[in-house]
Amino acid sequence: MVKTTRTSGVIGLKSYFSTVQQHVEKADTLSPNTKQTQTPLVPILRVLPILNLMSLDDPQTESIHMLNRSSMCVPEFKSNNDKTTFSQILLITSIGLLLALALHYRLRKIRHSKNIPRLRRSHKHKGHEKLERFSHYVVRQMGFKDRRECPHLCKLANEYIRKSGCCEEDIYSFFSEEPDADSLFIKLVEEFERCILSYFAYHWSHADLMISQILSADVEPKKKLKHIVMAATRDQRFERVTKNLKVARVFNTLVEEMKAMGIASVDDSECTEVMAPVAHKDRSPVLLLMGGGMGAGKSTVLKEILKEPFWAGADAVVIEADAFKESDVIYRALSSRGHADMIKTAEFVHQSSTDAASSLLVTALNEGRDVIMDGTLSWVPFVVQTITMTRNVHRHRYRMGAGYKVGENGDVIENYWERIGERQQLQEDGKERKPYRIELVGVVCDAYLAVIRGIRRAIMCRRAVRVRSQLTSHKRFADAFLTYCNIVDNARLYCTNALEGSPKMIAWKEKEKTLLVDPEEIDCLKNVGRVNENAESIYELYRRPNPACEAGSIWKDIVLSPSRFNIQQELKYSIQKVERFKQCLQDTPKSETEQSDVLSS
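Numbering (full-length UniProt numbering), first residue to last: 1 to 601.
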């Protein structure tokens, strides 16, 4: 649960009242003829308990109605000439401002807390949390007090979050009898999207629980003996599957590398995402480094790049570790047993898929092929050593090194590539090899948006990562981007913050020229560089000022839109109408059947 502390503001108001009291006493001494039935300190002392009650540190969000109206009554002041003094006006005005300010902060906290999914922790069993289901969350956002009032809405919400094949058709048919069905369809889909943006904006350490609940059945989850046993024997199962498929994995990886290099003759329908070979020309080969945090939108940008004339005619090898992961026989065997161990399974095969991608990279560079390397580029030593190898691969051949190793004395040794053989500059046809041209394409977006994309991808593609690892990859790439720009030939940076439309190029560099940036958009890169890797929600993502909550952001303009409440009320009325109609249709056949049974008897 996100906590917003405003204690300092309340303390400041108390200090302000102390100053007001001094002015009041001073005014009283200047007007000795004016007498009051009560000292001005009395209403102040009565207001201070109200401040404590309405403090934003109070976890109870329904305590506004508990205010004692009798203690809020301002005493009636009387004077000899029946005129209100300046001190009395100042005091009453201050009390009114104080109450209005406290009420404003309290209502704002209640409004924001509505967006937070409810999380219940078990006091008896540590580690057993129960998170509000997405369908129940949508019902609460729409203003329904009981989800049994709208069972069809719950079903539609579950279908939409999973992106089932007929979800949009079911939504439209739900409103088919309404006169403005088209408008209601669009508004409900947009409301589902807003609910997704807010539902995944909290409890990031429980992302695996969110994913598991969405992918599981609609019934309430129950702890069964089978699930407990599966969790307890996870390591043994992983070890057994690895042992049984160890040899099969080696052959499968070799076949995938041969497909990527274009050596094996394979039908187009059987090609994986690992490769995309075309025709090679007599020119300098190109290494294109695609970098950005997980969920930044690299795949979207890559699709646009492959449409460019140069890459459309290039004999390019596209290298992506995730493609090897999905084709890994061990990964597929473990994934086929369910989604409960989705993150653990991905982490288990991460190193093997990374090694396979590195092996393909060095092989393609040794052969002088055009290469597109798609990765996070978050680890600077690996990227720098890769660029150094690429600069010299036309003279020497390379192979994979030992990688990241920690010595016995604690020293870290990083050696990702090793030079082999003598110096050679000639190709097999006798022509001199040309050096590589290295290009960099970076992709950045708001870290909050990347988290949303990552969770949604896990639901649809069954491929998940931890939110902390995701935020770390974004932060490291943003910090290293300028370093990479200085050691490559060309560089471009794209921003994918727009929910619709093409990615926007916000920075570029050509050859020895300096990096040119869009001054209005480059702040996105700077903001990602100061991300809090341990954030639990959108409000902990950045230090103040939080760009994710400023005007113009997705959170401010879409999730917290002032017009959202009116749209929800319109949808609620229409949904109630449709739900009641469907309920009547279900009850009518039952009643007719009962009547026919009575008549027949």
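We put the beta carbon where it would ideally sit given N, CA and C, even for glycine.
First through last residue of the beta strand (DSSP E) which encompasses Glu-507:
Taking the sequence shown and counting its residues from 1, the one referred to as residue 507 is at position 507. Correcting the residue identity first, residue 507 is Ala in this sequence and not Glu. From DSSP, the beta strand (DSSP E) with Ala-507 extends over 504–510.
When the Cα atoms are used, what is the spatial distance from Ser-469 to Glu-533?
In the sequence shown, the residue the question calls residue 469 occupies position 469. In the sequence shown, the residue the question calls residue 533 occupies position 533. The straight-line gap from Cα to Cα measures roughly 8 Å.
Tell me the rounded alpha-carbon separation between Met-1 and Trp-417.
Numbered from its first residue, the sequence shown carries residue 1 at position 1. Numbered from its first residue, the sequence shown carries residue 417 at position 417. In this prediction, Met-1 has a pLDDT of 42, which is less than 50 and means its spatial position is unreliable; what the coordinates show is noted afterwards. If you take the alpha carbons of Met-1 and Trp-417, they lie about 46 Å apart.
Ignoring anything shorter than 4 residues, give me the alpha helix (DSSP H) runs that lie fully in the region 292–359, in order along the chain.
298–305, 309–312, 321–327, 329–335 and 342–348
Flag this pair as yes or no: are the beta carbons of Leu-289 and Leu-440 separated by less than 8 Å?
Start at 1 with the first residue of the sequence shown, and residue 289 comes out as number 289. Start at 1 with the first residue of the sequence shown, and residue 440 comes out as number 440. In contact: Leu-289 and Leu-440 (Cβ atoms closer than 8 Å).
Between Ser-352 and Asp-328, how many whole angstroms is the CB-CB distance? I'm expecting something under 8 Å.
Position 352 of the sequence shown, counted from the start, is the residue given in the question as residue 352. Position 328 of the sequence shown, counted from the start, is the residue given in the question as residue 328. Going by Cβ atoms, the distance from Ser-352 to Asp-328 rounds to 7 Å, so yes, they are a contact pair.
Cβ shell of Lys-187 (< 8 Å), same chain only, five flanking positions each side left out:
Translated into the one-based positions of the sequence shown, residue 187 becomes position 187. Hits under 8 Å: Ile-567, Glu-570 and Leu-571.
For the beta strand (DSSP E) containing Tyr-404, name the first residue and the last one.
Residue mapping note: residue 404 aligns to position 404 of the sequence shown, counting from 1. Here the beta strand (DSSP E) through Tyr-404 covers 397–406.
Can you find the residues in the same chain that come closer than 7 Å, C-beta to C-beta, to Arg-118, ignoring five residues on each side of it along the sequence?
Your numbering for residue 118 matches position 118 in the sequence shown. Taken in chain order, the residues that qualify are Glu-132.
List the whole-angstrom C-beta distance separating Gly-454 from Val-465, where the pair is believed to meet the contact cut-off of C-beta under 8 Å.
In the sequence shown, counting from the first residue as 1, residue 454 sits at position 454. In the sequence shown, counting from the first residue as 1, residue 465 sits at position 465. Val-465 and Gly-454 do touch by the CB rule: their CB atoms are close to 6 Å apart, below 8 Å.
Alpha carbon to alpha carbon, what distance is there between Ser-335 and Ser-55?
Here residue 55 refers to the residue found at position 55 of the sequence shown. Here residue 335 refers to the residue found at position 335 of the sequence shown. Note that Ser-55 has pLDDT 42, beneath the 50 cutoff, so the model's placement of it is unreliable and the number below is only indicative. If you take the alpha carbons of Ser-55 and Ser-335, they lie about 49 Å apart.
Can you give me the Cβ contacts of Arg-481 inside the same chain, cut-off strictly under 6 Å, excluding the 5 residues immediately before and after it?
For this step, residue 481 is matched to residue 481 along the sequence shown. Checking the displayed sequence, the identity of residue 481 turns out to be Phe instead of Arg. Answer for Phe-481: Gly-442, listed in chain order.
Whether Ser-135 touches Cys-166 by CB criterion (8 Å):
Position 135 of the sequence shown, counted from the first residue, corresponds to residue 135. Position 166 of the sequence shown, counted from the first residue, corresponds to residue 166. In this structure, Ser-135 lies away from Cys-166, with their beta-carbon atoms at least 8 Å apart.
Would the beta-carbon of Ala-357 fall within 8 Å of that of Glu-320?
Taking the first residue of the sequence shown as 1, we reach residue 357 at position 357. Taking the first residue of the sequence shown as 1, we reach residue 320 at position 320. Ala-357 places its beta carbon less than 8 Å from that of Glu-320.
Measuring straight from C-alpha to C-alpha, what distance separates Ile-89 and Leu-98?
In the sequence shown, the residue the question calls residue 89 occupies position 89. In the sequence shown, the residue the question calls residue 98 occupies position 98. Near 14 Å, if we compare the C-alpha coordinates of Leu-98 and Ile-89.
Should Leu-197 and Val-467 be called a contact, given that it needs their Cβ atoms to be closer than 8 Å?
Sequence index remark: in the sequence shown, residue 197 carries index 197 (1-based). Sequence index remark: in the sequence shown, residue 467 carries index 467 (1-based). Their beta carbons are not under 8 Å apart, which means Leu-197 does not touch Val-467 by this criterion.
Taking only runs of the alpha helix (DSSP H) that begin and end inside the region 101–183, which ones reach a length of at least 4 residues, in chain order?
134–141, 151–162 and 167–174
Below 8 Å on the Cβ atoms is my guess for Leu-377 versus Val-371; work out the distance and round it to an integer in Å.
On the sequence shown, residue 377 is found 377 positions in, with the first residue counted as 1. On the sequence shown, residue 371 is found 371 positions in, with the first residue counted as 1. Not confirmed; about 14 Å, so no contact.
Cβ distance (whole Å) where Gly-295 is taken to contact Arg-457 below 8 Å
Position 295 of the sequence shown, counted from the start, is the residue given in the question as residue 295. Position 457 of the sequence shown, counted from the start, is the residue given in the question as residue 457. Taking C-beta atoms under 8 Å as the contact rule, Gly-295 and Arg-457 qualify, at a distance of about 7 Å.
Quick check on the DSSP output: the alpha helix (DSSP H) that includes Val-380 runs from which residue to which?
Taking the sequence shown and counting its residues from 1, one reaches residue 380 at position 380. Here the alpha helix (DSSP H) through Val-380 covers 380–392.
Determine the DSSP secondary structure at Leu-585, reduced to helix, strand or coil.
Within the sequence shown, residue 585 is the residue found at index 585, counting from 1. Leu-585 falls in the helix class under three-state DSSP.
Which value, in whole angstroms, describes the spacing of the CA atoms of Ile-575 and Cys-150?
In the sequence shown, residue 575 corresponds to position 575, counting from 1. In the sequence shown, residue 150 corresponds to position 150, counting from 1. Rounded to whole angstroms, Ile-575 to Cys-150 spans 8 Å at the Cα level.
Name the one or two DSSP bridge partners that Arg-437 has.
Here residue 437 corresponds to residue number 437 of the sequence shown, with the count starting at 1. Bridge partners of Arg-437: Val-286.
If contact is defined by three or more beta carbon pairs under 8 Å, each pair taking one atom from either stretch, is the region 495–504 in contact with the region 399–406?
no
Cβ-Cβ distance between Ile-506 and Val-488 below 8 Å
Counting from one through the sequence shown, the residue named residue 506 turns up at place 506. Counting from one through the sequence shown, the residue named residue 488 turns up at place 488. No. Outside cutoff.
CB-CB length for Glu-129 against Arg-120, believed under 8 Å:
For the purposes of this step, residue 129 is taken as the residue at position 129 of the sequence shown. For the purposes of this step, residue 120 is taken as the residue at position 120 of the sequence shown. Right, their Cβ atoms sit about 7 Å apart.
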